[in-house]
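Residue numbers in the sequence shown follow this note's numbering, run continuously in steps of one, and reach 74 at the last position.
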Amino acid sequence: MFGPILLQKKNVDYFNFYQEELSSINKLLSLNLPNERKNELLTKKELIEKYGK
22 MFGPILLQKK
32 NVDYFNFYQE
42 ELSSINKLLS
52 LNLPNERKNE
62 LLTKKELIEK
72 YGK
C-alpha cells in the first residue's frame, strides 16, 4: 500500500539531489578552474543529465 508513495518520494528526493548537483556544478564551471577540473565537472554533469532522471 505504501510502496508507490515511498517510491514516488524517493524519486523526488533523487530529482532534488540531481538538481542541486547540477546547480553546484554550474556554479563551479563559472569559476576560473584548471581545465582538468572543468573536464571532470563536465563529465559529471553529462552523466547526471543522461542518467539522473
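Positions of the beta carbon are idealized from the N, C-alpha and C atoms, including for glycine. In this text the structure is predicted, and so the values were computed from the model without any measurement.
Start and end of the alpha helix (DSSP H) containing residue 54? One-based indexing of the sequence shown puts residue 54 at position 33. Here residue 54 belongs to no alpha helix (DSSP H), and DSSP marks it neither H nor E.
Distance CB(residue 46)-CB(residue 65) smaller than 8 Å: Position 25 of the sequence shown, counting from 1, holds the residue named residue 46. Position 44 of the sequence shown, counting from 1, holds the residue named residue 65. Result yes, Cβ atoms of residue 46 and residue 65 sit closer than 8 Å.
Taking the straight line between their C-alpha atoms, what separation do you get for residue 34 and residue 40? Locating residue 34 in the sequence shown gives position 13, counting from the first residue. Locating residue 40 in the sequence shown gives position 19, counting from the first residue. Using only the alpha carbons, I get a separation of about 10 Å.
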